[in-house]
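Asker: Quick one: structure below, then a few questions.
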Amino acid sequence: MKVPSNTISSYRYTQIFNHSRRFIEGWYWAISSKQLPKGKVKPVSLLGRELAIYRDVDGELVCFDAYCPHMGAHLAEGKVEGGGLRCLFHNWKFDKKGNCIDAPCLGTGLPLELKSWDVAEKYGIVWVWVGETQAETLPFVPELENFECHSILTSRFVKNCHPNVLMINLIDAHHFNIVHNLPLEIIFRKQQLKENAIIFNNITRATEDSFLIKLIRPFYKKAVTYNMCYWYGSIGIITLGPDFLHFYIMFALRLIEDGKTEGQTILITKKRRGILGCLCNKIVLCLTKLLYDYLVSVNTQIFKRINFDLKTPTKADNSILQFIHNVENQRALRWRSWEPVDEEEERQRHKQAQILESKGEPND
Ligand code: FES
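Next comes the structure, spelled out in structure tokens:
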């Protein structure tokens, strides 16, 4: 459903944003690449659904729905055999397309097919395409789209709020001055990267006369670099730093039970070659880690208790409204079933919410 961008009421009663049982079709992080060596299978719980992901002996990744069609054993209890996966319980074997090619008790295969999902690898993470439409390009750092990258993962985390809410913190322009004491007004300009990806670029030049601004001004020819790129409303990539060296931090989030968030942070830099290049990569990633630690340490307390409800948007919240609008106009799927949300049903609900709001009545 396309939601109009010019009415505040469109953002109070959202159909996808901050919804505990819905999310946007897209790529979602599943597991780190290191946790899945050749010949191993792992269980992954993703957006209400159980999966078994394995790497075959040639290194190819395969992702299936977790439960065996014979008697429901979890296939991650089984073992990888060549390119296929054998269930532990009665030894049925499935090839990488999910076909049952061997049921030992019958001495033959069976016309059964496991549900499989597209799976790919980037930035040291195994990603699963959640949706029935054709998988799109994996999320990438816009400035590094055509470069090989070096990346490291920081620890995983859980937050008491929805991934969408956690994401908007990164473009909450006003909070930079209040919470982070930034002596600079941040103003974002929106840019659509792809249908499911949006960028907010800071367009503010460093003109104030605080000590910090005087210190950093020589390092920026134009605006101070602080750009946020969002994919599917749940992956956020920060680009910041002086003109001669940009730092990249990716927050890959996913919805878990009760509308909460599980996240994985990935620190990324352009790959430099040779011994010196390798050393340089490590130093840049260490500096990125320091930046990341600072960014998350200040905000952690707020996301323990927030009950997000943007009742009174101000001009400074404009980017947040644009983000919500972008989320509302993407393809929504349901928690656990991964089925598309019925658009006609949603149109009616949205209409009803607007009527209730115009009457000043609460919308349940
Ligand atoms: S439950 Fe998997 S083979 Fe029986």
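Here the sequence shown is numbered in my numbering, starting from 2 and rising by one per residue.
Cβ coordinates follow ideal geometry from the N, Cα and C atoms, glycine included.
1) Following a CB-centred definition, is residue 252 positioned closer than 7 angstroms to any heavy atom of ligand 1?
2) Please say whether residue 309 and residue 166 have beta carbons closer to each other than 8 angstroms?
3) Is residue 173 helix, strand or coil when you go by DSSP?
4) In whole angstroms, give me the CA-to-CA distance for residue 93 and residue 273.
5) Which same chain residues, not among the five before or five after residue 6, have their C-beta less than 7 angstroms away from its C-beta?
6) Any heavy atom of ligand 1 closer than 7 angstroms to the Cβ of residue 73?
7) So, does the stretch 53-60 touch the stretch 35-45, judging by three or more C-beta pairs under 8 angstroms?
8) Which one or two residues does DSSP pair with residue 265 in a beta bridge?
9) Within this structure, are the beta carbons of residue 124 and residue 32 separated by less than 8 angstroms?
10) For ligand 1, I want to know if residue 95 counts as a neighbour, meaning its beta carbon is within less than 7 angstroms of at least one of the ligand's heavy atoms.
11) Out of 257, 91, 243, which one is the CA nearest neighbour of residue 217?
12) Mind checking whether residue 188 and residue 229 have CB atoms under 8 angstroms apart?
13) Is the beta carbon of residue 241 sitting closer than 8 angstroms to the one on residue 227?
14) What number of angstroms, rounded off, separates the C-alpha of residue 364 from the C-alpha of residue 22?
15) Cβ of residue 24 within 7 angstroms of any heavy atom in ligand 1?
16) Alpha carbon to alpha carbon, how far is residue 130 from residue 305?
17) Between the beta-carbon of residue 163 and the beta-carbon of residue 262, is there less than 8 angstroms?
18) Could you check where the alpha helix (DSSP H) with residue 319 kicks off and where it finishes?
19) Assign residue 107 to buried or exposed, taking buried as 16 or more other Cβ atoms, counted over all protein chains shown, within 10 Å of its Cβ.
20) Drop a sphere of 10 angstroms on the beta-carbon of residue 59, count the other beta-carbons inside from all chains shown, and report buried for 16 or more, exposed for fewer.
21) How would you call residue 199, buried or exposed, if buried means at least 16 neighbouring beta carbons within 10 angstroms?
22) To which residues of the same chain is residue 292 closer than 6 angstroms at the C-beta, ignoring the five residues directly before and after it?
23) Where does residue 195 sit, in a helix, a strand or coil, going by DSSP?
24) Between residue 103 and residue 46, what straight-line distance do the alpha-carbon atoms span, to the nearest angstrom?
25) Mind checking who residue 44 pairs with in its DSSP beta bridge?
26) Helix or strand or just coil, what does DSSP make of residue 77?
27) On the criterion of 16 or more Cβ atoms from any shown chain inside 10 Å, does residue 277 qualify as buried, or is it exposed?
28) Roughly how far, in whole angstroms, is the beta-carbon of residue 67 from the beta-carbon of residue 88, given that I think they are within contact range, below 8 angstroms?
29) Mind listing, in chain order, the continuous beta strand (DSSP E) runs of no fewer than 3 residues lying wholly within the stretch 108-139?
30) Checking the sheet assignment: what are the DSSP bridge partners for residue 87?
Answerer: This is what the structure holds:
1) Here residue 252 is taken as the residue at index 251 of the sequence shown, counted from 1. Flag unset: Cβ of residue 252 not near ligand 1.
2) The residue labelled residue 166 in the question sits at position 165 within the sequence shown. The residue labelled residue 309 in the question sits at position 308 within the sequence shown. Yes.
3) Residue 173 sits at position 172 when you count from the first residue of the sequence shown. The three-state reading of DSSP puts residue 173 in coil, since its state is none of H, G, I, E or B.
4) Within the sequence shown, residue 93 is the residue found at index 92, counting from 1. Within the sequence shown, residue 273 is the residue found at index 272, counting from 1. Distance between the alpha carbons of residue 93 and residue 273 is about 46 angstroms.
5) Translated into the one-based positions of the sequence shown, residue 6 becomes position 5. For residue 6, the predicted structure reports a pLDDT of 49, less than 50, and the residue's modelled location is therefore unreliable. The matter cannot be settled from this model.
6) To locate residue 73, count along the sequence shown from 1; it is residue 72. Yes, the beta carbon of residue 73 sits closer than 7 angstroms to at least one heavy atom of ligand 1.
7) yes
8) For this step, residue 265 is matched to residue 264 along the sequence shown. For residue 265, which the question treats as bridged, DSSP gives the partners 157, 253.
9) Within the sequence shown, numbered from 1, the residue matching residue 124 stands at position 123. Within the sequence shown, numbered from 1, the residue matching residue 32 stands at position 31. Against a cut-off of 8 angstroms, the Cβ pair of residue 32 and residue 124 comes out as no contact.
10) As a position in the sequence shown, residue 95 is number 94, starting the count at 1. False, no ligand heavy atom lies under 7 angstroms from that Cβ.
11) Translated into the one-based positions of the sequence shown, residue 217 becomes position 216. Measuring from the Cα of residue 217, the nearest candidate turns out to be 243.
12) Within the sequence shown, numbered from 1, the residue matching residue 188 stands at position 187. Within the sequence shown, numbered from 1, the residue matching residue 229 stands at position 228. It is not a contact, given that the beta carbons lie outside the stated cut-off.
13) Here residue 241 is taken as the residue at index 240 of the sequence shown, counted from 1. Here residue 227 is taken as the residue at index 226 of the sequence shown, counted from 1. Yes; because the gap between Cβ atoms is below 8 angstroms, this pair is in contact.
14) Counting from one through the sequence shown, the residue named residue 364 turns up at place 363. Counting from one through the sequence shown, the residue named residue 22 turns up at place 21. Bear in mind that the predicted position of residue 364 carries a pLDDT of just 49, short of 50, making it unreliable; the figure below should be weighed with that in mind. Taking the straight line joining both Cα atoms gives about 17 angstroms.
15) On the sequence shown, position 23 is the one that residue 24 refers to. Because no heavy atom of ligand 1 lies under 7 angstroms away, the Cβ of residue 24 does not count as near it: no.
16) Residue numbering aside, residue 130 sits at position 129 when the sequence shown is read from its first letter. Residue numbering aside, residue 305 sits at position 304 when the sequence shown is read from its first letter. Answer to the nearest angstrom: the Cα atoms are 29 angstroms apart.
17) The residue labelled residue 163 in the question sits at position 162 within the sequence shown. The residue labelled residue 262 in the question sits at position 261 within the sequence shown. Cβ atoms of residue 163 and residue 262: closer than 8 angstroms.
18) Your numbering for residue 319 matches position 318 in the sequence shown. 319-329 is the extent of the alpha helix (DSSP H) around residue 319.
19) Locating residue 107 in the sequence shown gives position 106, where the first residue counts as 1. Looking at its Cβ environment, which holds fewer than 16 other Cβ atoms inside 10 Å, residue 107 is exposed.
20) Counted from its first residue, the sequence shown places residue 59 at position 58. Result: exposed.
21) For the purposes of this step, residue 199 is identified with residue 198 of the sequence shown, where counting begins at 1. Counting Cβ neighbours within 10 Å, residue 199 comes out buried, since at least 16 surround it.
22) Mapped onto the sequence shown, residue 292 falls at position 291. Only 248 meet the Cβ criterion.
23) Here the question's residue 195 lines up with position 194 in the sequence shown. Three-state result, residue 195: strand.
24) Position 102 of the sequence shown, counted from the first residue, corresponds to residue 103. Position 45 of the sequence shown, counted from the first residue, corresponds to residue 46. Taking the straight line joining both Cα atoms gives about 27 angstroms.
25) Taking the sequence shown and counting its residues from 1, the one referred to as residue 44 is at position 43. DSSP, once it has assigned bridges, lists 53 as partnering residue 44.
26) Mapped onto the sequence shown, residue 77 falls at position 76. Helix.
27) Working through the sequence shown from its first residue, we reach residue 277 at position 276. Label assigned to residue 277: exposed.
28) Start at 1 with the first residue of the sequence shown, and residue 67 comes out as number 66. Start at 1 with the first residue of the sequence shown, and residue 88 comes out as number 87. Contact flag wrong, Cβ pair sits at about 11 angstroms.
29) 109-114, 120-123, 126-131
30) If you number the sequence shown from 1, residue 87 lands on position 86. In the DSSP output, where bridge partners are listed per residue, residue 87 has 80, 94.
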